[in-house]
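Here is the structure we will look at, set down as structure tokens.
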Amino acid sequence: MNVIAQRRRQAFVSNRRAVVCLCLLGACVLFSLGAELIANDRPMLIRYGDRFLVPPLQSLTERDFGGDLGLPADFGDPFVLDAISGRGWAIWPPVRYGYNTISYSREETFPGPPSPEHPLGTDDQGRDVFARVLYGFRLSFLFGLCLTVCGSVPGVLAGVVQGYYGGGADLWFQRFMEIWGGIPVLYLLIIISSMVRMTFWILLAVMLLFGWMRLVNVVRAESLRIRNMDYVRAARALGVSDCRIMLRHVLPNALVAVVSMLPFQMSASIVALTALDFLGFGLPAGYPSLGELVAQGKNNLHAPWIGLTVFCTLAFLLTSLVMIGEGVRDAFDPRVFTGRPVPAAEDAS
9 MNVIAQRRRQ
19 AFVSNRRAVV
29 CLCLLGACVL
39 FSLGAELIAN
49 DRPMLIRYGD
59 RFLVPPLQSL
69 TERDFGGDLG
79 LPADFGDPFV
89 LDAISGRGWA
99 IWPPVRYGYN
109 TISYSREETF
119 PGPPSPEHPL
129 GTDDQGRDVF
139 ARVLYGFRLS
149 FLFGLCLTVC
159 GSVPGVLAGV
169 VQGYYGGGAD
179 LWFQRFMEIW
189 GGIPVLYLLI
199 IISSMVRMTF
209 WILLAVMLLF
219 GWMRLVNVVR
229 AESLRIRNMD
239 YVRAARALGV
249 SDCRIMLRHV
259 LPNALVAVVS
269 MLPFQMSASI
279 VALTALDFLG
289 FGLPAGYPSL
299 GELVAQGKNN
309 LHAPWIGLTV
319 FCTLAFLLTS
329 LVMIGEGVRD
339 AFDPRVFTGR
349 PVPAAEDAS
């Protein structure tokens, strides 16, 4: 690790809030990635007779458990449960409900309050709120991560080219971005959702059509500054090609500003997905969506556990990303002094 990397690591570690949020968010992301092992309406492993069955990885029917129908096995059906207990055993996850599993065992009306069976209660359709929050947290995080990473690549490249060449290329590209950015995204999503069934990848593609412009101006400003540096002029005088100069000299220096903005861009992507799901123009009803839970909390004020749960989840997710972003920004800011001794390699230099 070179001296600059050590200084950046020390600056980030000195921000205790960023470190704590990074650890907590990382633990929650790992927890949500194994959602199928935590909240699922299928057993993880079944011993039926002399066979071992893995329902999450196998397509099992009622005939596999002595039934007469070839329909998919419903592991909430008493017939299937009695067949398994009569000839073997099953290992269940801690929460025996998926994000779309309806609880038929509750006698009270839905939404139901928290109970030992449903730690965070049920929504107005009888689905477990904990399972939907767990799967929704993973979906929102992965959507924001994909939108941020995939949108940053064309945005960074466009900003580097625009700032390096300047002049007419910069002027025409700026006018194109003004026209393209003026297209109402919400109206476009309404039109597309009326024509095709909106899925995760279709929504991501539509958001990418406009999300790539977020970093263009930042990279463009850095490229305009860097292209006048002495080492860039020297490389140009030596006959180095423009593509090589942009990739080896301009782009690495412009990425410093990009890296510090990525957590904030990811937070904005998650907020956009939640807002679209809340309005009903995002993911369809079959997906575990935090925005759909926000709408349920608004429509069911007599069930405060729904609104409080999704509020705490979103508040934790967005606050953690903002705190991590502040820590990364301080780490890449050369003006931040960590107050720790400088490494020996720096003294020698």
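Going from the sequence shown to the numbering used here is simple: count from 1 and add 8. Glycine included, every Cβ here is placed at the ideal spot set by N, Cα and C.
| Can you tell me whether DSSP reads ALA352 as helix, strand or coil? | The residue given as residue 352 occupies position 344 in the sequence shown. Interpretation of ALA352 is limited by its pLDDT of 45, a score under 50 that renders its predicted location unreliable; the figure taken from the coordinates is listed afterwards. In this structure, ALA352 counts as helix in the three-state DSSP scheme.
| C-alpha gap between LEU301 and ILE92, whole angstroms | Start at 1 with the first residue of the sequence shown, and residue 301 comes out as number 293. Start at 1 with the first residue of the sequence shown, and residue 92 comes out as number 84. Each residue's Cα considered, the two are about 35 Å apart.
| said: Going by DSSP in three states, THR130 sits in which element: helix, strand or coil? | reply: Here residue 130 refers to the residue found at position 122 when the sequence shown is read from its first residue. Secondary structure of THR130 (DSSP, three-state): strand.
| said: Whole angstroms are fine: how far does the CA of PHE87 sit from the CA of PHE145? | reply: As a working mapping, residue 145 is identified with position 137 in the sequence shown. As a working mapping, residue 87 is identified with position 79 in the sequence shown. Approximately 34 Å between the Cα atoms of the pair.
| request: Indicate whether the contact test is met: 3 or more Cβ pairs, each with one atom in the stretch 275-293 and one in the stretch 334-342, closer than 8 Å. | output: Of all C-beta pairs linking the stretch 275-293 to the stretch 334-342, fewer than three are shorter than 8 Å, placing the two stretches out of contact.
| Smallest Cα separation from ASP49: which of PHE20, ARG24 and TYR112? | Along the sequence shown, one-based indexing puts residue 49 at 41. Comparing Cα-Cα distances from ASP49 to each of PHE20, ARG24 and TYR112, the minimum goes to TYR112.
| field | For LEU259, the three-state DSSP class (helix, strand or coil) | value | Position 251 of the sequence shown, counted from the first residue, corresponds to residue 259. Three-state result, LEU259: helix.
| In whole angstroms, what separates the C-alpha of ASN108 from that of THR117? | For this step, residue 108 is matched to residue 100 along the sequence shown. For this step, residue 117 is matched to residue 109 along the sequence shown. Taking the straight line from one Cα to the other gives about 17 Å.
| request: Check ASP250 in the structure and name its three-state DSSP category. | output: To locate residue 250, count along the sequence shown from 1; it is residue 242. ASP250: helix per DSSP, three-state reduction.
| message | So, at 7 Å on beta carbons, what are the nonlocal neighbours of GLN304 in its own chain, with the 5 sequence-adjacent residues on each side left out? | response | Translated into the one-based positions of the sequence shown, residue 304 becomes position 296. ASP131, ASP132 and ILE314, listed in sequence order.
| query | Roughly how many angstroms separate the alpha carbons of ILE110 and ASP136, rounded to a whole number? | reply | Here residue 110 refers to the residue found at position 102 when the sequence shown is read from its first residue. Here residue 136 refers to the residue found at position 128 when the sequence shown is read from its first residue. Rounded to whole angstroms, ILE110 and ASP136 show a C-alpha spacing of 7 Å.
| query | What's the call for GLY163, buried or exposed, on a 16-neighbour Cβ count within 10 Å? | reply | Within the sequence shown, numbered from 1, the residue matching residue 163 stands at position 155. GLY163 is buried by the Cβ-count criterion.
| query | In chain order, what residues of the same chain lie with their CB nearer than 6 Å to the CB of TYR239, ignoring the 5 residues before and after it? | reply | Start at 1 with the first residue of the sequence shown, and residue 239 comes out as number 231. Nothing listed; no residue qualifies.
| In the stretch 120-176, which residue ranges form an unbroken alpha helix (DSSP H) of at least 4 residues, counting only runs that do not cross its ends? | 137-173
| N- and C-terminal bounds of the beta strand (DSSP E) containing GLY34 | Counting from one through the sequence shown, the residue named residue 34 turns up at place 26. Note, GLY34: premise wrong, no beta strand (DSSP E); alpha helix (DSSP H) at 24-41.
| message | Taking only three categories from DSSP, how would you classify PRO63? | response | The residue labelled residue 63 in the question sits at position 55 within the sequence shown. Here PRO63 sits in helix by DSSP.
| query | Mind checking PRO296: buried by the 16 CB within 10 Å criterion, or exposed? | reply | As a working mapping, residue 296 is identified with position 288 in the sequence shown. That one is buried.
| Limits of the unbroken beta strand (DSSP E) element including ALA98 | On the sequence shown, position 90 is the one that residue 98 refers to. Per DSSP, the continuous beta strand (DSSP E) segment holding ALA98 begins and ends at 96-99.
| query | Under three-state DSSP, which class holds ILE191? | reply | Counted from its first residue, the sequence shown places residue 191 at position 183. Coil at ILE191, not helix or strand.
| In this structure, does DSSP put TYR56 in helix, strand or coil? | To locate residue 56, count along the sequence shown from 1; it is residue 48. Strand.
| For VAL365, which three-state DSSP category applies? | There is simply no residue 365 to check, as the chain begins at 9 and stops at 357 in what is shown.
| request: Check whether the Cβ atoms of ILE46 and PRO101 lie closer than 9 Å to each other. | output: Position 38 of the sequence shown, counting from 1, holds the residue named residue 46. Position 93 of the sequence shown, counting from 1, holds the residue named residue 101. Taking 9 Å as the Cβ cut-off, ILE46 and PRO101 qualify as a contacting pair.
| task | State yes or no: is the C-beta of PRO51 within less than 9 Å of the C-beta of ALA98? | result | Position 43 of the sequence shown holds residue 51. Position 90 of the sequence shown holds residue 98. For PRO51 and ALA98, yes; Cβs fall inside 9 Å.
| query | If we count the other Cβ atoms within 10 Å of its Cβ and call it buried at 16 or more, is SER357 buried or exposed? | reply | Here the question's residue 357 lines up with position 349 in the sequence shown. For SER357, the predicted structure reports a pLDDT of 39, less than 50, and the residue's modelled location is therefore unreliable. A value from the coordinates is still provided. So SER357 ends up on the exposed side.
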